[in-house]
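Heads up, the thing below is written out as structure tokens.
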Amino acid sequence: MKVSFFETGRYVSPRGTPREWPVPSGAYDPALGAKAYSAMIDRIRLVEELGFDWVSLSEHHYSPRILTPSPPLSAAWIAAQVKRIKIALLGPIVPQSNPVRLAEELGMLDTMAGGRLIVGLLRGTTNEYLTYDLNPKEARERADEGMELILKAWTEPQPFGWQGRYFQFRTVSVWPRPLQQPYPPTYALGISRESCELAARNHLGLGVSYGPFEVMAKSTRYYREQCAEHGWEPGPDHIIYRANMLLAETDEKAEAIFKKHSGMAPFPVRAGLRDALLEADKRNVAGEARPANVGGVLPTTFIGGPDTIVEQIKRCREEVGAGVLDLSLHPPGSTDVDALMSAIELFGKKVLPRIHEV
Amino acid sequence: MAQSFREGFVEADGFRIRYMEAGEGPALVHLHGAGGLRLTPAHNLLARQFRVIAFEMPGFGKSAENTRTKSMPEMAATMAAAADKLGLDRFDLMGTSFGGKTALWLALQQPERVLAVVLEAPAAIRQKGARPSSGTPEERARQLYAHPERMPALPAPDPTVQAKQQALVRRLAGPDRDPELETQLRNLAAPTLVLFGTYDRLIAPEMGHFYKELIPNCHLVFVYDAGHAIGAERPEAFVEVVADFLERHEAFIISRTETVINP
Numbered sequence: 001m002k003v004s005f006f007e008t009g010r011y012v013s014p015r016g017t018p019r020e021w022p023v024p025s026g027a028y029d030p031a032l033g034a035k036a037y038s039a040m041i042d043r044i045r046l047v048e049e050l051g052f053d054w055v056s057l058s059e060h061h062y063s064p065r066i067l068t069p070s071p072p073l074s075a076a077w078i079a080a081q082v083k084r085i086k087i088a089l090l091g092p093i094v095p096q097s098n099p100v101r102l103a104e105e106l107g108m109l110d111t112m113a114g115g116r117l118i119v120g121l122l123r124g125t126t127n128e129y130l131t132y133d134l135n136p137k138e139a140r141e142r143a144d145e146g147m148e149l150i151l152k153a154w155t156e157p158q159p160f161g162w163q164g165r166y167f168q169f170r171t172v173s174v175w176p177r178p179l180q181q182p183y184p185p186t187y188a189l190g191i192s193r194e195s196c197e198l199a200a201r202n203h204l205g206l207g208v209s210y211g212p213f214e215v216m217a218k219s220t221r222y223y224r225e226q227c228a229e230h231g232w233e234p235g236p237d238h239i240i241y242r243a244n245m246l247l248a249e250t251d252e253k254a255e256a257i258f259k260k261h262s263g264m265a266p267f268p269v270r271a272g273l274r275d276a277l278l279e280a281d282k283r284n285v286a287g288e289a290r291p292a293n294v295g296g297v298l299p300t301t302f303i304g305g306p307d308t309i310v311e312q313i314k315r316c317r318e319e320v321g322a323g324v325l326d327l328s329l330h331p332p333g334s335t336d337v338d339a340l341m342s343a344i345e346l347f348g349k350k351v352l353p354r355i356h357e358v
Numbered sequence: 359m360a361q362s363f364r365e366g367f368v369e370a371d372g373f374r375i376r377y378m379e380a381g382e383g384p385a386l387v388h389l390h391g392a393g394g395l396r397l398t399p400a401h402n403l404l405a406r407q408f409r410v411i412a413f414e415m416p417g418f419g420k421s422a423e424n425t426r427t428k429s430m431p432e433m434a435a436t437m438a439a440a441a442d443k444l445g446l447d448r449f450d451l452m453g454t455s456f457g458g459k460t461a462l463w464l465a466l467q468q469p470e471r472v473l474a475v476v477l478e479a480p481a482a483i484r485q486k487g488a489r490p491s492s493g494t495p496e497e498r499a500r501q502l503y504a505h506p507e508r509m510p511a512l513p514a515p516d517p518t519v520q521a522k523q524q525a526l527v528r529r530l531a532g533p534d535r536d537p538e539l540e541t542q543l544r545n546l547a548a549p550t551l552v553l554f555g556t557y558d559r560l561i562a563p564e565m566g567h568f569y570k571e572l573i574p575n576c577h578l579v580f581v582y583d584a585g586h587a588i589g590a591e592r593p594e595a596f597v598e599v600v601a602d603f604l605e606r607h608e609a610f611i612i613s614r615t616e617t618v619i620n621p
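Taken in order, these protein sequences are the chains called A and B. Going by my numbering, the first sequence opens with residue 1, and the numbers climb by one from there. Going by my numbering, the second sequence opens with residue 359, and the numbers climb by one from there.
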């Protein structure tokens, strides 16, 4: 099992900071922001030292909780300062990006980082579409098309035009190309039928997140079936599972911390807006309809002391088939950075050495 | 509003050649693929801006079996004679799949007459083992389209027509890589647009870059989410770029799309 540390550029909000998304930017403290970015580097140096395989980054907007609206900038910041760990962008929100620009920036990043880039291409969570005025009903199709265009931009040797449904370019010829040829390890991120099919068709990995094992297993099973249809078999490294983990010295302590924080939504969204977004953005798990998560609580999959956690990780490997675990080690909703640093240390010392063989 | 195509016949090079014609404007000659002449929604859209003449090459469809034409350059010369008979002095030329190779030969033979060339999923350069579509209408639909379920059913083929067309195609198609043609393409003067659907299951879209490498003034466009029959499957996307290219040639890469939201 490979392990990835999900780095969120944690901004430590003073008590009383509004929580509802979008969080008023007048509440932002520039000094705390500067601190968040330097702490990011300290944490990544630590996880590299402890033997984590990857650090992962995401794209979130208009909130202090995850202070990384631009994944390529986050990655460049890290690549220049931390020298060995692989950097996984999980990932740029493709439907609201210019895919050609992404292909260029990811090419730059992989080259600057000495071929350490991992790419996850993401459709994105529903509230994020509000950032750049994207119609949620178009997100799925824009994501699929943008992802195909990025792959084409990385592989087509001659300048080409793209006559899409949502994107049109009359001449594309991307420099630089990624250092890793033809392109970095790339994942479609999602549990929907469309994500699984896109990944299978293009021989990409699949990244699933947050749901319980049995639900995630539906997607990874469908993905593997689709890969077989396309004549290939994914290995464990082709499947990433992102989850919240609450690790403490003992099961009892972990449960106690979990109880204290459970039920806190990371991005609360007002009810009227939430309902309208749910109406506009239909989601599925491997083809079975299920509502999007808009401003809801994210489940914590792994809870316990080191022994329990190791057992849970073994089950994850067996049931989901994931070979890469992408972990958020905060108690969800908490902003306690010291607790986070202890969880990282504890994981690195008591869990990591026991799961590389899983 | 669909343009109504009318049927016509022209005597040329000893053949009686059928064609379908509609529209007004610059003349656009179309040469069909290995399955024969079949009008698609793209023909209707093109006929709003062009005088479209879609020929049926001798030996296809209801025409008599063609045992005379021995090679693609010969077929190209016959089609040039047909265009001549219709009084088409200078014209734009579009070739689909198998007809893409005919179009290339015609443009090479008559450089002063062909203003620009459009190749829809051309079969002039093919990956190893490529074959024309075959089988039942359902099987052919799966080969031709990215989304056969969204398309009207293909007509059941007439076995006699099919047999005579297949024999002709086998004789004229030439090798997957045709050194004689490829050498000449380096001298092709006409501006050329090559289009491939991103999900073409018959000719790999990756063949597109060979045309760009060979033809001096060549442009390559991928039509997203289309299969081999681009004009049938994504007619608006296909015609928009084709018409723009025929109007502006290499300047077609300069956007004229206005993006003002509110003045």
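Note that CB positions come from ideal geometry on N, CA and C, so glycine has one too. Note that this is a predicted model, so its numbers are computed, not measured.
query, result
"First and last residue of the uninterrupted beta strand (DSSP E) at Q424 of chain A", "Residue 424 of chain A is absent from the structure shown; chain A starts at 1 and stops at 358."
"Beta-carbon contacts of R242 of chain A that lie in its chain and below 6 Å, excluding the five residues immediately before and after", "S209 and D326"
"Check whether T17 of chain A and A31 of chain A have beta carbons under 7 Å apart", "no"
"Rounded separation between L464 of chain B and A434 of chain B - CA only", "5 Å"
"Close Cβ partners of M1 of chain A (< 7 Å) along its chain, the five nearest in sequence each way excluded", "I313, R317, G323, L325, I355, H356 and V358"
"Contacting residues, own chain, Cβ-Cβ under 6 Å from G91 of chain A (five flanking each side not counted)", "G120, L121, L122 and L189"
"CB contact check: L462 of chain B to chain A, cutoff 7 Å", "no"
"The region 275-288 of chain A touching the region 135-148 of chain A, judged by at least three CB pairs closer than 8 Å", "yes"
"Euclidean distance between Cα positions of M359 of chain B and L403 of chain B", "A caution first: M359 of chain B carries a pLDDT of 45, below 50, which makes its placement in the model too unreliable to give a value."
"7 Å Cβ cutoff, H567 of chain B in contact with chain A", "yes"
"For I611 of chain B, three-class secondary structure by DSSP", "helix"
"Beta-carbon gap between F302 of chain A and M264 of chain A smaller than 7 Å", "no"
"Cross-chain neighbours of K137 of chain A in chain B, by beta carbon under 9 Å", "Correct list: empty, because the minimum Cβ distance to chain B is about 17 Å."
"Q542 of chain B (DSSP reduced to helix, strand or coil)", "helix"
"Contact with chain B by E194 of chain A, beta-carbon distance below 7 Å", "no"
"Residues in the region 163-175 of chain A having any Cβ partner in chain B nearer than 7 Å", "Q163, G164, R165, R170 and T171"
"Own chain residues within Cβ distance below 7 Å of A514 of chain B, not counting five before or after", "P495"
"Start-to-end residues for the beta strand (DSSP E) that takes in M245 of chain A", "I239 to L247"
"Within chain A, the residues that V599 of chain B reaches when beta carbons sit closer than 9 Å", "G161, Q163, Q168 and R170"
"Interface flag, E104 of chain A vs chain B, CB-CB below 7 Å", "no"
"Cβ-Cβ distance between Q572 of chain B and E478 of chain B below 7 Å", "For the record, residue 572 of chain B in the displayed sequence is Leu; it is not Gln. Not a contact, by the Cβ cut-off of 7 Å."
"is_contact[Q158 of chain A, chain B] using C-beta, thresh 7 Å", "yes"
"Meets three-Cβ-pair contact criterion under 8 Å: the region 480-488 of chain B and the region 529-537 of chain B", "yes"
"Close Cβ partners of D347 of chain A (< 7 Å) along its chain, the five nearest in sequence each way excluded", "According to the sequence shown, residue 347 of chain A is Phe rather than Asp. Cβ within range, chain order: L247 and L329."
"Cutoff 7 Å: Q96 of chain A Cβ touching any chain B Cβ", "no"
"Where A143 of chain A falls, given that 16 or more other Cβ within 10 Å makes a residue buried", "buried"
"Per DSSP, cross-strand counterpart(s) of H388 of chain B", "B:A412 and B:M452"
"Any C-beta of chain A under 7 Å from that of V410 of chain B", "no"
"Spatially closest choice to P359 of chain A from A:P64, A:V55, A:R10 and A:T8, by CA coordinates", "Any property of residue 359 of chain A remains undetermined from this structure, which presents chain A solely from 1 to 358."
"Cβ-based contacts, 7 Å cut-off: residues of the region 124-149 of chain A near chain B", "E145 and E148"
"Limits of the alpha helix (DSSP H) - the one that P4 of chain A falls within", "Note on identity: in this sequence residue 4 of chain A is Ser, with Pro being the wrong assignment. Taken as a continuous stretch (DSSP letters only), S4 of chain A belongs to no alpha helix (DSSP H), being part of the beta strand (DSSP E) at K2 to F6."
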